[in-house]
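Per the numbering used here, the very first residue in the sequence shown carries number 3; after that it's consecutive. For each residue, glycine too, the CB sits at the ideal point set by N, CA and C.
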Amino acid sequence: MTNERFIPLAIPNVGDEEAENLRQCIATNWVSTVGPFVEQFEAQIAEVSGTATASAVAAGTMGLHVALIALGVLPGDLVIVPSYTFIASVNAISHAGATPWFMDVSAEDWAMDPEKLGAILAEDCERAANGDLLRKACGRRVAALLPVYVLGTPADMDRIMPLARNYGLPVLADAAAAIGGAYKGQKLGALADLTVYSFNGNKTITTGGGGGVVGPDAARVGHVRHLVSTARVGTNYDHDAVGFNYRITNLEAAVGVAQMAKLPGFIAAKTAIRRRYDAAFAGRADVAPFPDPGYATSTYWFPGLILSKACGWDVPSLCDALRESGIQGRPFWKANHLQRPYLDAPRADVSVSEEIWPRILTLPCSTSLSGEDQDFVIETLTRLLDARAG
Ligand SMILES: *Cc1c(COP(=O)(O)O)cnc(C)c1O
């Protein structure tokens with residue numbers, strides 16, 4: 003039996019407005035890293051973040067890399083990062099010549115666990131004579147904290163920032179899919195020293211590929227913009243640092259400008275999709291909803307289910323069964339202390355990360371998902387779960 007219907011996990015939602023902006027780029031010949039859409043897009047990113055300025059870059063990973071450098075991370079340093087994140091957060095640390103020091107997430111929000119962070123800083127670190135914070139076990143300098151806003155849900159920054167300040171550590175927030183979200187009613191741009199968004203294809207908004215860097219200190223964001231544009235001084239090939247060619251193009255920004263106008267609608271659609279899944283599977287013993295901490299206005303990047311130990315399925319076989327009905331379900335990130343490049347990286351307790359990652363199933367959540375298609379996903383998944391319940 004063939005099934006014509008295929009419901010993808012998460013696809014971009016682009017249309018006439020994006021096409022018209024791209025046409026303008028071609029018509030005006032502004033296609034590269036300078037142009038009116040770049041400036042307009044940066045102003046929109048700053049506005050939605052509650053900051054004075056933003057630097058748009060060619061990828062979220064690039065934004066993270068340069069942000070770490072702008073925050074003073076040096077080769078040989080350690081950066082404390084939750085193991086449960088997309089590998090790009092961790093790769094950016096490596097790109098800066100530093101090493102990730104893995105810690106855990108809390109079960110309440112899947113983000114950096116403030117209690118465990120406090121214990122690491124108090125018990126596993128010591129102060130050097132020059133004021134540096136060192137990891138006792140290896141004597142390497144701890145240079146920054148990198149909390150991640152998993153699923154578009156901010157980490158509990160009111161508990162993380164005082165620890166960071168107390169220990170003199172700068173904070174880089176990986177807010178990849180969190181653009182437009184909020185923490186206790188505050189926009190996200192000033193919560194950490196620098197905050198990075200991604201505009202890759204499956205993120206809350208997309209520019210094809212792209213990213214943005216914001217922060218409360220306009221001079222620091224200006225430094226990021228300087229570094230990503232080859233650290234150029236003036237117009238005559240003078241450069242004052244080893245810079246990067248990490249700028250977004252006017253073509254990408256043209257798509258971004260159109261997407262930003264749709265952001266509130268996208269978040270509303272994602273929120274409605276998440277609420278429907280949560281309601282449909284509430285009360286089951288074999289699955290649980292994703293976390294939804296009260297302090298967050300999440301962008302609900304991905305909805306899905308956590309399979310409990312009582313569930314008769316594992317995530318890969320459930321995805322296979324869904325696929326037979328024309329539905330794309332997918333596992334989510336693998337904990338990074340288990341990824342091949344990072345098997346030797348230092349780690350504190352990572353037990354929650356290790357326990358949750360194999361049990362997470364993400365479900366179709368394109369902003370264009372129809373109610374009828376979501377009903378079909380819910381019916382199909384309910385039937386599969388029921389068949390193996392009890
Ligand atoms: C997507 C993502 C990134 C990387 O962004 P790119 O734009 O793809 O480079 C980094 N961190 C997290 C948590 C992400 O989800």
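query: Integer-rounded CB distance, given that I250 should sit under 8 Å from N212; result: Reading off the sequence shown, one finds Gly at residue 212, where the question assumed Asn. Yes, G212 and I250 are in contact; Cβ-Cβ is about 5 Å, under 8 Å.
query: Rounded separation between E125 and E117 - CA only; result: 12 Å
query: Neighbour-count burial assignment, R167, 16 or more Cβ in a 10 Å radius; result: exposed
query: Simplified DSSP state of N132, which is helix, strand or coil; result: coil
query: Identity of the residue in F43, H228 and T301 nearest K189 by Cα; result: T301
query: Extent of the continuous beta strand (DSSP E) to which L80 belongs; result: L80 to P84
query: Assigned secondary structure, L307 (DSSP; H/G/I helix, E/B strand, else coil); result: strand
query: Rounded C-alpha distance that separates R286 from V40; result: 48 Å
query: I28 burial status per 10 Å Cβ neighbour count (16 or more: buried); result: exposed
query: Coarse secondary structure for D375, derived from DSSP in three states; result: helix
query: Closest Cα partner of M114 within the set K138, V317 and M163; result: M163
query: Among N93, V144 and A54, nearest to D79 - alpha-carbon criterion; result: V144
query: Ordered list of alpha helix (DSSP H) runs contained in the region 17-86, each at least 4 residues; result: 18-30, 38-51 and 62-72
query: Reduced DSSP secondary structure (H/G/I, E/B, other) of T299; result: strand
query: Beta-carbon separation (whole angstroms), L387 vs V289, contact threshold 8 Å; result: 7 Å
query: Cβ-heavy atom distance, A255 to ligand 3, below 8 Å; result: Looking for ligand 3 in the displayed structure turns up nothing; the ligands present are ligand 1.
query: T273 versus G328 - alpha carbon distance; result: 23 Å
query: 6 Å Cβ shell around K169 - same chain, five flanking residues per side excluded; result: Per the sequence shown, residue 169 should be read as Tyr rather than Lys. Once the five neighbours on either side are set aside, the close Cβ partners of Y169 are L123 and L135.
query: Beta carbon of V216 nearer than 9 Å to that of A56; result: yes
query: Contacting residues, own chain, Cβ-Cβ under 8 Å from P394 (five flanking each side not counted); result: The requested residue 394 does not occur in the structure, where the chain is confined to residues 3 to 392.
query: Nonlocal neighbours in the same chain, by C-beta distance under 7 Å from R227, ignoring five residues either side; result: S57
query: N- and C-terminal bounds of the beta strand (DSSP E) containing I269; result: Unbroken run through I269 is the alpha helix (DSSP H), N252 to F283; no beta strand (DSSP E).
query: CA-to-CA distance, G37 to T237, given in whole angstroms; result: 16 Å
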